[in-house]
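**Student:**
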Amino acid sequence: MNDDPKINILIVDDHPENLLALEATLESPSYHLIRASSGQEALRQARSYNFAVILMDVQMPGLDGFATARLIRELKNAEHTPVIFMSAIHKAHQHIYKGYSAGAVDYLFTPFDPDIVRSKVAVFVDLFKKSEQIAQQAHLLQQREQSNLLELDLAIERRRNLAEAMPLIVFTARPDGTIDYINQKWFTYTGLTFKESVGWEWTKAIHPDDLQKCLDRLTESIRIGGGADMRCRLRNKEAVYRWHLIQTTPERDPSGEIIAWLGSALDIHDQNQEGERPVEKSEASP
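Residue numbers (this note's numbering): 4 to 289.
1) Would you mind sorting residue 88 into buried or exposed? The rule is 16 or more other CB atoms within 10 Å of its CB.
2) Pick helix, strand or coil for residue 112, following the three-state DSSP scheme.
3) Taking its Cβ as the centre, do 16 or more other Cβ atoms sit within 10 Å of residue 236, making it buried, or is it exposed?
4) Can you grab the Cα-Cα spacing for the pair residue 156 / residue 19, in whole Å?
5) With a threshold of 8 Å between beta carbons, is residue 219 in contact with chain C?
6) Are there 16 or more other CB atoms within 10 angstroms of the CB of residue 253, so buried, or fewer, so exposed?
7) By DSSP's criteria, residue 36 is part of a beta bridge. Which residues make up the other side?
8) With which residues is residue 270 paired in a DSSP beta bridge?
9) Compare the Cα-Cα distances from residue 260 to each of 227, 221, 63 and 233 and report the closest residue.
10) Taking only three categories from DSSP, how would you classify residue 261?
11) Mark residue 207 as exposed unless 16 or more other C-beta atoms lie within 10 angstroms of its C-beta, in which case mark it buried.
12) In the DSSP assignment, the beta strand (DSSP E) including residue 222 goes from what residue to what residue?
13) Does the beta-carbon of residue 29 have 16 or more other beta-carbons within 10 angstroms, so that it is buried, or is it exposed?
14) Sorted by chain position, which residues of the same chain lie with C-beta nearer than 6 Å to residue 171's C-beta, five sequence neighbours on each side aside?
15) Could you work out which residue in 251, 243, 245 and 233 is closest to residue 225 when comparing CA atoms only?
16) Which residue wins for smallest C-alpha separation from residue 124, given the options 136, 110 and 79?
17) Alpha carbon to alpha carbon, what distance is there between residue 130 and residue 84?
18) Give me the Cβ distance between residue 53 and residue 80, rounded to the nearest whole Å; I'm assuming they're in contact under 8 Å.
19) If you drop the 5 nearest sequence neighbours on each side, which residues of the same chain put their C-beta closer than 7 Å to that of residue 107?
20) With respect to the beta strand (DSSP E) encompassing residue 184, which residues constitute its N-terminal and C-terminal limits?
21) For residue 92, which of helix, strand or coil comes out of DSSP?
22) Measuring only the C-alpha atoms, how far is residue 345 from residue 214?
23) Do residue 112 and residue 134 have their CB atoms nearer than 8 Å?
24) Please classify residue 7: does DSSP put it in a helix, a strand, or coil?
25) Across which residues does DSSP place residue 59 in a beta bridge pair?
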C-alpha cells in the first residue's frame, strides 16, 4: 500500500472532451487530477492547491492560456509551478515564443502523443517530490534548530539561576578573560554596578598589594589554558578588604577550544590566618 500523498496536477481546457482525454492519459493512483474549464477557474484552483505541473489549453474564451499563466505566476504558492501549454491552433513560432514568455516550460501540439505527455509530466512530478522532500527536511532542520536553541536558552537560564542561588561570588568570562557575567552576590558585596564590574573593571576591587600578583596569575592561566587558584583581598561596599579564594576553570567546546571561563570567589577571611589581624581599611576610606 502506498501511503504517499497524491500529487496534484491541474488540467485546463474549455472543451470537456479534451479534459477527458488528458484524464485518461494521466490516470494514475499517484496523481490527483483537478480540472478547470476556464482561465478564471484555473486561477481559483491554483490559489487552493499546490500543483506539480499545470497542463493548459492556449485558446480559451475570456482569459486565454497566456494571460492565465501570467496571473498564476503572480501567486506566491504557484510562482514556480511549471506550465505546459497545449494547442491545436497556435502552432506558429510567435505563439510558441509567447507561451515561453508567459512562463511555460513546454509547448505541445494536439492531438498529442500520450506517452510523450506522460513522460513529460512524470519528470515534473519527480522534481516536485524532490522539492517537497527538501522543503520538509529544511522545515525539520529549522524545528530542530529552534528546539536546540530553546534547550540552550533553558540551560543558560538554569545555570544563571543556579549561579544566583550560590552563597559565593560566581562569574563567567570570555576566552580572553574579560568578565561578561557576575552574580548578584558580587554587587551586594562590592556595591559596584554592572558597568563598573565587567571586562577587567572588577580588578579595581582587588587590594593594591595583591593586584599585580593576581593579574599575573590570571594572565598566565589564560595563556596556558588552565585553571587558576589565588588568594587576594577584595574591597566591600564599606571599603573593607576581606580575603577571598578566587578559582577559575576553562569551559571548552567538543574540539577542545576554550569558549569561556567559569569562576568563583569564596570569602575565606575568617578561615585565613590573615583574618586574625585587624580588618584592613581602604586607603580611600575615612
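Every residue, glycine too, gets a C-beta built ideally from N, C-alpha and C.
Computed from a predicted model, the values in this text were never measured in an experiment.
**Tutor:** Based on what the coordinates show:
1) That one is buried.
2) In this structure, residue 112 counts as strand in the three-state DSSP scheme.
3) Taking all protein chains in view, the Cβ of residue 236 is crowded by 16 or more other Cβ atoms within 10 Å, so the residue is classified as buried.
4) The alpha-carbon atoms of residue 156 and residue 19 are separated by roughly 59 Å.
5) Among the protein chains of the structure shown there is no chain C, as only one such chain exists.
6) Buried, because 16 or more other Cβ atoms sit within 10 Å of the Cβ of residue 253.
7) In the DSSP assignment, residue 36 forms a beta bridge with 12.
8) Residue 270 pairs with 247.
9) Comparing alpha-carbon positions, the option among 227, 221, 63 and 233 lying closest to residue 260 turns out to be 227.
10) Reduced to three states, the DSSP call for residue 261 is strand.
11) Exposed, because fewer than 16 other Cβ atoms sit within 10 Å of the Cβ of residue 207.
12) Here residue 222 belongs to no beta strand (DSSP E); instead the alpha helix (DSSP H) covers 211–227.
13) Buried, since its Cβ has 16 or more Cβ neighbours within 10 Å.
14) Exclusion of the five residues before and after residue 171 leaves 267 and 269 as the residues of its chain whose Cβ lies within less than 6 Å of its Cβ.
15) Checking every option, the nearest Cα to that of residue 225 belongs to 251.
16) For the residues 136, 110 and 79, the minimum Cα distance to residue 124 belongs to 110.
17) Answer to the nearest angstrom: the Cα atoms are 11 Å apart.
18) Contact flag correct, Cβ pair sits at about 6 Å.
19) Residues 72, 86, 87 and 88 of the same chain have their beta carbon placed closer than 7 Å to that of residue 107, with the five preceding and five following residues left out of the count.
20) Following the DSSP letters along the chain, one finds residue 184 inside the beta strand (DSSP E) bounded by residues 182–185.
21) Coil, per DSSP.
22) The structure shown does not extend to residue 345, since the chain spans only 4 to 289, so no value can be given for it.
23) Annotated as distal: residue 112 and residue 134, with beta-carbon spacing of 8 Å or more.
24) In the structure shown, residue 7 adopts coil according to DSSP, grouped into three states.
25) Paired residue(s): 15 and 88.
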